[in-house]
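> For the sequence shown, the residue numbers in my numbering are 3 to 336. We put the beta carbon where it would ideally sit given N, CA and C, even for glycine.
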Amino acid sequence: MITDKFGRPMHDLRISVTDRCNFRCRYCMPKEIFGRDFAFMPKEQLLSFEEIERLARIFISQGIKKIRLTGGEPLLRKDLHLLINRLVHIDGLEDIGLTTNGVLLEKQAQKLKDAGLKRVNVSLDALKDEIFKSINDSGVSTKHILKAIHKAKEIGLEVKVNMVVKKGMNEQEVIPMARYFKEHEIPLRYIEFMDVGETNGWDMKKVVTKKEIFHTLLNHFELEPIDSSYIGEVAKRYRYKGTKAEVGFITSVSESFCSTCTRARLSADGKIFTCLFASGGFDMKQMLRSGKSDEEILEVIQKIWGNRTDRYSDERTVQTAKNRKKIEMSYIGG
Ligand code: SAM
């Protein structure tokens, strides 16, 4: 198993399958920047399913156990279930999940499940329609996403819900979201607003920290901590006392977890990134398309991971957040 400069193994891989999205969330892909004229990746630049599978096999041979498909919006990629089916058959892969905004999930859920998908994380930032629509800026209602969430659960997918909380955007939805998903026993994860990319107007003042959300929750519920289920688990989890329902926090800003970060990322055009906050990646597409052997590719991956020193969230200051050039989340894969 390879480890990086700080002894961190490579354990999970996020694969972005497209940089396009059918939402224009204000904090991620604001319309003013990702408008009609925005140059998304041309189709021929995207890795094919064969290319993704080939790279995944090499990654898995080096210790990757978990894969999560993301984007952009991964369900916009045509026939995604076919990719899932290729990946689940690779020896050594233990887990495959998908992160989606849920718009196309109801239609595709059964196909995805049949292809071997186990888990799906659905992003939903508010229950109140008005608030949700003002965030996604695409006119999609909460009802539509909730239907998809329930359908996915009904057919046996393990479902979690992700909610980014940002000051002035949706703090008032923290409790209604908690109540709803507690009642339906669907784990809800509150995500701190992060300084990914350059276009989302990030400001520390807009971050609602885990501590603040936790205290709000304690005014309404009794919570008890749950031990993490594996090393490198990102969410800090709690159970509502006396129930099976749980809630969690992704605290990338207020309590960084770089020291246990075992995650590599592959962008839709075949670049490897070793951190969500990276300024650049390593192009694999060129290698894949110029006849290099698996051994040659493997050697490069080993070198990339072996040289990894990223710990951006540990080192974040107001200055680094402002000055560092960062890749957009929709490009690198959320
Ligand atoms: N389209 C899919 C979705 O909506 O889940 C996958 C990609 S999206 C970039 C992945 C997740 O990143 C979503 O839950 C989204 O809310 C979250 N996200 C985007 N920008 C963020 C930011 N600046 N801080 C925290 N989370 C963010």
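Suppose you measure from the CA of GLU224 to the CA of ASN123; what does that come to, to the nearest Å?
Stepping through the sequence shown from its first residue, residue 224 is reached at position 222. Stepping through the sequence shown from its first residue, residue 123 is reached at position 121. Straight-line Cα distance between these residues: approximately 25 Å.
> Buried or exposed: which applies to GLY250, given that a residue is buried once 16 or more other Cβ atoms fall within 10 Å of its Cβ?
As a working note, residue 250 is residue 248 in the sequence shown. Per the 10 Å Cβ criterion, buried.
> State the start and end residues of the unbroken beta strand (DSSP E) segment that holds PRO227.
Along the sequence shown, read from residue 1 onward, the residue named residue 227 stands at position 225. From DSSP, the beta strand (DSSP E) with PRO227 extends over 225-228.
> Under three-state DSSP, which class holds VAL249?
If you number the sequence shown from 1, residue 249 lands on position 247. DSSP places VAL249 in strand when its eight states are reduced to three.
> Does the beta carbon of THR253 fall short of 7 Å from some heavy atom of the ligand SAM?
Within the sequence shown, residue 253 is the residue found at index 251, counting from 1. Checking the Cβ of THR253 against the ligand SAM gives no.
> Determine the burial state of SER254: buried for a count of at least 16 other Cβ atoms within 10 Å of its Cβ, exposed for fewer.
Locating residue 254 in the sequence shown gives position 252, where the first residue counts as 1. Buried.
> When the distance is taken between beta carbons, is GLY141 closer than 8 Å to GLY335?
Position 333 of the sequence shown, counted from the first residue, corresponds to residue 335. Position 139 of the sequence shown, counted from the first residue, corresponds to residue 141. No.
> Comparing the CB of MET171 with every heavy atom of the ligand SAM, is any distance shorter than 7 Å?
Locating residue 171 in the sequence shown gives position 169, counting from the first residue. No, Cβ of MET171 sits at least 7 Å from all heavy atoms of the ligand SAM.
> Consult DSSP for GLY104 and reduce its assignment to one of helix, strand or coil.
For the purposes of this step, residue 104 is taken as residue 102 along the sequence shown, with counting starting at 1. Correct three-state label for GLY104: coil.
> Within 7 Å: the Cβ of CYS30 and any heavy atom of the ligand SAM?
By 1-based counting over the sequence shown, the position of residue 30 is 28. Yes, Cβ of CYS30 sits closer than 7 Å to a heavy atom of the ligand SAM.
> Put ALA266 into one of helix, strand or coil per three-state DSSP.
To locate residue 266, count along the sequence shown from 1; it is residue 264. In this structure, ALA266 counts as strand in the three-state DSSP scheme.
> Would the beta-carbon of ILE193 fall within 8 Å of that of VAL166?
As a working note, residue 193 is residue 191 in the sequence shown. As a working note, residue 166 is residue 164 in the sequence shown. Against a cut-off of 8 Å, the Cβ pair of VAL166 and ILE193 comes out as a contact.
> Taking its Cβ as the centre, do 16 or more other Cβ atoms sit within 10 Å of ARG38, making it buried, or is it exposed?
Here residue 38 refers to the residue found at position 36 when the sequence shown is read from its first residue. Result: exposed.
> Going by CA-CA distance only, name the one from GLY282, ASN202 and LYS153 that's closest to LYS168.
Translated into the one-based positions of the sequence shown, residue 168 becomes position 166. Answer by Cα proximity: ASN202.
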